[in-house]
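A.B. asks: For the sequence shown, the working numbering gives the first residue as 4, with consecutive numbering after it.
Ideal placement from N, C-alpha and C gives every residue a C-beta, glycine not left out.
Small disclaimer: the values here were computed from a predicted structure and weren't measured.
Before we start, here is the structure in question, set down as structure tokens.
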Amino acid sequence: VFSECYRSDEKRAELLLIHVTPKWGRTTALKLAQQSQALSFMSQGGVQTFLTKTWWGKLSVDNGFIQLFLCMLLFPLIYSNLVITYRKGFTNSPSFLKEGPNERRKQGIRKDSRNKPKGLKPYSCLWKLQAFFNAPIVKFYYNVVSYIGFLWLFAYVLMIDFQTYPSWREYFLYVWVFSIFTEELRQLLHDPEHRGFVKSAVQYITDFWNQVDSLALGLFAVGLICRLVRTDTVYLGRVFLSLDYMIFCIRLMYMFTVNRVLGPKIIILRRMVKDLFFFLFLLAIWIVSYGVAKQAILTTNEERWDWILRNVIYDPYLTLFGEIPLDIDSLNFDPAKCSENGTDPAMPKCVVNDGTNVLFPEWLTIILMCLYLLMANVLLLNLLIAIFSYTFADVENNTDQVWKFYRFGLIKEYNEHPAAPPPFILLTHLYDFIKYGICRYQAHGHKVLSKCESVGTPNASP
């Protein structure tokens, strides 16, 4: 149906995609398609053309990456039509959240979209400046560069400049992370459809990459507290920040979903991670069962929890990769490398040898290890490979549709994203906060004035 509408009238069809319908819960057709994961609808040519226009904003879609890169380095080039061009006959950029119903009515839902604008004036320098820096594709690339710079600064502080007292570089890192936090807070509170905070928060937290962001910021807060509160927990804070750096690096993968080649591969990786968690549950059953049985047979009354966990979980896990423990049989056993009563914390406790038990029940421990390797290393790992192969084939067969579907989320995010990248985004948020406060104050003043007028009206009558 939409394809027929798009062939009949492109502009009206595009307006249908972003039209807010109260009967649908004040949502749009695009958002409904995203929530229902309608891959076939999202992959239609008309929808993708609209998303491409939105991605480029007021810039012409015919611009190349080199032209865009040159203007990002030397922004005065945006005033030259020889380097970068703008969309002709442009009035307003298509948007699925920034526009309200009133603005869409102004754009001309009620008028014939086939009428071409006549006598368009040349674009002013201010218009070109706003058009360039508000284009989602420009905001995206600036944020990529900013994020790489953030990771470089983070790594520099952790490896080179982590002093007893924070240096100016480390304080600048704190400001940078705070700017990322304010942007995540803006996304959490952003509710253009007036659905309420609870529904907006649920929608925010159900997104995988928002969960990664929340985990990264939460772990950074823990590391920062350990770093600054007490001097004896500085190293612990460094450990937390080092782990947090890994999570921030994982977040970088999201930015590559815009690429037609790498995007589907990242989606495949996400699905494989989910499959891996289910596999680990099955693997943990075999690891614990074999580890407890081996520990109970070879060692009696081991009370050191670190060595219990090592023998029950760590050693069986290493056995999967071919590292056979030395205490499994008498051939490779060395009595000098164990503690008879478990008094040496750096050495494992020796195997059972009380005169009544066999020192090495090889026939049992070796059989258990063979069964364990047969089930875990052969069956379960091959099951994991089969699951991964199915996931890869499932996404690869629909690579184009999958990429087009997940592309919408990225375009939607950067269409709403402020123009300035972190840490300069703090200035944008400060401006929006002051503007919001002024608007609230003026609205409150109008309400008070209306109440005073309503109270004073009866007294004014003769």
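Secondary structure at Tyr82, three-state DSSP: helix, strand or coil?
C.D. replies: The answer is helix: DSSP assigns Tyr82 an H, G or I state.
A.B. asks: Tell me which same chain residues have a C-beta within less than 6 Å of the C-beta of Phe136, skipping the five on either side of it?
C.D. replies: Answer for Phe136: Ala422, listed in chain order.
A.B. asks: In chain order, what residues of the same chain have a beta carbon less than 7 Å from the beta carbon of Arg10, not counting five sequence neighbours either side?
C.D. replies: none
A.B. asks: DSSP three-state label for Leu222, please.
C.D. replies: helix
A.B. asks: Thinking just about the alpha-carbon of each residue, which of Pro195, Phe200, Cys252, Glu305 is nearest to the one in Leu220?
C.D. replies: Closest by C-alpha distance to Leu220, out of Pro195, Phe200, Cys252, Glu305, is Cys252.
A.B. asks: Tell me where the alpha helix (DSSP H) around Ala32 begins and ends.
C.D. replies: 32 to 38
A.B. asks: If we call anything under 8 Å between Cβ atoms a contact, is Val315 one with Val291?
C.D. replies: yes
A.B. asks: Below 8 Å between beta carbons: does that hold for Thr3 and Met372?
C.D. replies: What the structure shows of the chain is the stretch from 4 to 465, and residue 3 is not part of that stretch, so it cannot be assessed.
A.B. asks: Expressed to the nearest angstrom, what Euclidean distance is found between the alpha-carbon atoms of Phe408 and Trp212?
C.D. replies: 16 Å
A.B. asks: Considering only DSSP beta bridges, list what Leu129 is partnered with.
C.D. replies: Leu129 has no beta-bridge partner at all, per DSSP.
A.B. asks: Roughly how many angstroms separate the alpha carbons of Val147 and Val295, rounded to a whole number?
C.D. replies: C-alpha separation (whole angstroms): 48 Å.
A.B. asks: Considering only the alpha carbon of each residue, which of Asn401, Ala41, Tyr444 lies closest to Ile271?
C.D. replies: In terms of CA proximity to Ile271, Asn401 leads the group Asn401, Ala41, Tyr444.
A.B. asks: When you compare only the Cα positions, how much space is there between Trp27 and Ile414?
C.D. replies: Distance from the CA of Trp27 to the CA of Ile414, rounded to the nearest whole angstrom, comes to 22 Å.
A.B. asks: Have a look at Ile140 and Trp59 and give me their C-alpha separation to the nearest angstrom.
C.D. replies: 6 Å
A.B. asks: Count the other C-beta atoms from every protein chain shown that fall within 10 angstroms of the C-beta of Gln298, then say buried if there are 16 or more, exposed otherwise.
C.D. replies: buried
A.B. asks: How is Tyr409 classed by DSSP in three states: helix, strand or coil?
C.D. replies: helix
A.B. asks: CB-CB under 7 Å to Asn45, same chain, minus the five flanking residues each way: which ones, in chain order?
C.D. replies: At residue 45 the sequence reads Met, which differs from the Asn that was named. Here the set comprises Ala36, Lys407, Phe408, Phe411.
A.B. asks: Just tell me which of Phe284, Met258, Glu187, Thr167 has its CA closest to the CA of Val232.
C.D. replies: Thr167
A.B. asks: Quick one: Cα of Asn388 to Cα of Val398, how far?
C.D. replies: Note that residue 388 is Ile in the sequence shown, not Asn. C-alpha separation (whole angstroms): 16 Å.
A.B. asks: Quick check on Asn418: buried or exposed, where buried means 16 or more other Cβ atoms within 10 Å of its Cβ?
C.D. replies: Result: buried.
A.B. asks: Would you kindly work out how many angstroms separate the C-alpha atoms of Pro79 and Thr88, rounded to a whole number?
C.D. replies: 13 Å
A.B. asks: Residue range of the alpha helix (DSSP H) that Leu191 falls in?
C.D. replies: Unbroken alpha helix (DSSP H) run through Leu191: 171 to 192.
A.B. asks: With a Cβ-Cβ cutoff of 8 Å, do Ser203 and Asp194 count as a contact?
C.D. replies: yes
A.B. asks: DSSP three-state label for Leu62, please.
C.D. replies: strand
A.B. asks: I'd like the span of the alpha helix (DSSP H) that includes Phe427, first residue to last.
C.D. replies: Per DSSP, Phe427 belongs to no alpha helix (DSSP H) and is neither H nor E.
A.B. asks: Using alpha carbons as the reference points, say which of Phe184, Thr368, Cys353, Ala287 lies closest to Phe427.
C.D. replies: Phe184
A.B. asks: If you follow the alpha helix (DSSP H) that Arg254 is part of, which residue opens it and which one closes it?
C.D. replies: 237 to 254
A.B. asks: From Ser342, Glu343, Phe395, Tyr320, pick the residue whose C-alpha is nearest to that of Leu1; which is it?
C.D. replies: Because the chain spans 4 through 465 in this model, residue 1 falls outside it and cannot be assessed.
A.B. asks: Mind checking whether Lys142 and Ile81 have CB atoms under 8 Å apart?
C.D. replies: no
A.B. asks: Whole angstroms is fine: what's the gap from Cys353's alpha carbon to Phe280's?
C.D. replies: Rounded to whole angstroms, Cys353 to Phe280 spans 35 Å at the Cα level.
A.B. asks: Here's the rule I'm using: 16 or more other beta-carbon atoms within 10 Å means buried, otherwise exposed. How should Pro348 be labelled?
C.D. replies: exposed
A.B. asks: Are Phe67 and Ser6 closer than 8 Å when you measure CB to CB?
C.D. replies: Here the sequence assigns Gly to residue 67, which means Phe is not the residue at that position. It is not a contact, given that the beta carbons lie outside the stated cut-off.
A.B. asks: Is it right to say Val178 is buried, meaning 16 or more other beta carbons lie within 10 angstroms of its own, or is it exposed?
C.D. replies: exposed
A.B. asks: Nearest CA to the CA of Asp247: which residue from Thr260, Arg254, Leu222, Ile163?
C.D. replies: Leu222
A.B. asks: Within 10 angstroms of the Cβ of Ile437, are there 16 or more other Cβ atoms? Answer buried if so, exposed if not.
C.D. replies: exposed
A.B. asks: In its own chain, which residues sit with a C-beta less than 7 Å from the C-beta of Leu176, not counting the 5 before and 5 after it?
C.D. replies: Leu156, Phe157, Val160
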